[in-house]
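One structure is given below, encoded as structure tokens.
In the numbering used here, the protein residues as written are 22 to 294.
In structure tokens form, the structure reads like this:
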């Protein structure tokens with residue numbers, strides 16, 4: 022009976038996995054097909070060609086090279102700055118007796134519970150008032166502002182579980198607050214930082230809503246909004262659109278694979294804590 026249940030579970034899980042992977046496989050196969058092949062035989066037919074023309078068109082004529090660079094310019098500083106500020110805030114709130122720290126945490130977390138749609142117009146107007154509208158700086162500031170509360174809340178729960186004796190021993194040895202933070206707390210919080218870093222990179226890199234809110238010029242658009250323009254420019258050239266989607270997915274997949282071990286470790290530690 023146990024073997025039957027195990028086999029049934031694997032069959033069910035395998036079926037779900039296949040259904041989930043089918044659209045991804047279709048996009049990848051379409052990206053390597055020629056336009057003539059798709060036009061003659063249909064999008065769902067077996068491939069009769071293999072070419073990189075779709076990738077070349079998406080990368081050069083579609084402007085994805087510029088869009089990818091814009092995404093990296095926004096994503097990398099955003100993730101680093103947000104995690105650093107979030108770690109600092111979580112360290113202060115979790116290791117020191119700050120008045121109304123629960124209220125501070127709830128306020129920071131509450132900002133993430135607001136529907137972003139009701140903030141689109143205020144954020145757009147504020148960026149215009151500050152003179153940073155339609156610049157990558159505006160997008161970086163927005164991403165940092167809306168991610169800081171959540172990252173602080175998660176890191177607070179992790180750092181609070183670190184034994185106080187470790188910090189007290191470092192203080193006795195002559196370490197100041199900055200040394201305790203950078204040499205003791207941050208290394209111990211590495212699994213949580215890696216997990217949050219992987220998630221933050223994916224969220225910021227794939228963001229569409231805030232990008233089209235504070236940006237309007239095609240030359241400063243990140244890769245996700247650029248894919249919309251690619252679909253408008255190559256409305257029926259499915260191999261180019263699929264190739265652009267594959268290229269846009271490469272950085273996030275690479276980051277996840279790179280930090281997969283730390284990501285799983287961070288989730289496991291968070292669950293135990």
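Glycine included, each C-beta is placed from N, C-alpha and C at the ideal position.
Tell me whether residue i sits in a helix, a strand or coil according to DSSP, three-state version.
| i | result |
| --- | --- |
| residue 172 | helix |
| residue 49 | helix |
| residue 68 | coil |
| residue 133 | helix |
| residue 203 | helix |
| residue 156 | coil |
| residue 291 | In this prediction, residue 291 scores a pLDDT of 46, lower than 50, which makes its location untrustworthy; the coordinate-derived value is nonetheless stated afterwards. Residue 291 falls in the helix class under three-state DSSP. |
| residue 261 | helix |
| residue 184 | coil |
| residue 54 | coil |
| residue 79 | helix |
| residue 22 | coil |
| residue 62 | helix |
| residue 88 | helix |
| residue 280 | coil |
| residue 191 | helix |
| residue 30 | helix |
| residue 151 | coil |
| residue 73 | coil |
| residue 275 | helix |
| residue 196 | coil |
Is any heavy atom in the ligand ZN found nearer than 8 Å to the beta carbon of residue i?
| i | result |
| --- | --- |
| residue 144 | Summarising the ligand content, the structure contains no ligands, and the ligand ZN is consequently not present. |
Sorted by chain position, which residues of the same chain lie with C-beta nearer than 7 Å to residue i's C-beta, five sequence neighbours on each side aside?
| i | result |
| --- | --- |
| residue 177 | 111, 114, 115, 126 |
| residue 229 | 245, 246 |
| residue 188 | 116, 201, 205 |
| residue 282 | none |
| residue 183 | 206, 209 |
| residue 107 | 169, 172, 173, 176 |
| residue 181 | 115 |
| residue 263 | 48, 51, 52, 75 |
| residue 157 | 91, 94, 95, 241 |
| residue 87 | 240 |
| residue 39 | none |
Take residue i and list the residues in its own chain whose beta-carbon comes closer than 8 Å to its own, dropping the five residues that flank it on each side.
| i | result |
| --- | --- |
| residue 234 | 141, 144, 145, 163 |
Cutting at 6 Å between CB atoms, please list the residues of its own chain near residue i, excluding the five before and the five after it.
| i | result |
| --- | --- |
| residue 133 | 170, 171 |
| residue 122 | 114 |
| residue 291 | Caution applies to residue 291, whose pLDDT of 46 falls short of 50 and renders its modelled position unreliable; the value that the coordinates give is listed next. Within the same chain, residue 291 has no close Cβ partners at all. |
| residue 55 | 70, 72 |
| residue 37 | none |
| residue 130 | 170, 174 |
What is the C-beta distance between residue i and residue j, in whole angstroms, given that I count them as a contact (C-beta under 8 Å)?
| i | j | result |
| --- | --- | --- |
| residue 165 | residue 94 | The Cβ separation is near 14 Å, so there is no contact. |
| residue 99 | residue 161 | 5 Å |
| residue 66 | residue 261 | So it is not a contact: roughly 18 Å between Cβ atoms. |
| residue 237 | residue 155 | 5 Å |
| residue 216 | residue 248 | The Cβ separation is near 27 Å, so there is no contact. |
| residue 227 | residue 273 | 7 Å |
| residue 221 | residue 105 | Not confirmed; about 12 Å, so no contact. |
| residue 259 | residue 64 | 6 Å |
*Segments of 4+ residues assigned as alpha helix (DSSP H) that fall wholly inside the segment 208-255*: 211-226, 230-235, 244-254
*Can you list, in chain order, the stretches of the alpha helix (DSSP H) that have 4 or more residues and sit fully within the segment 93-135?*
122-134
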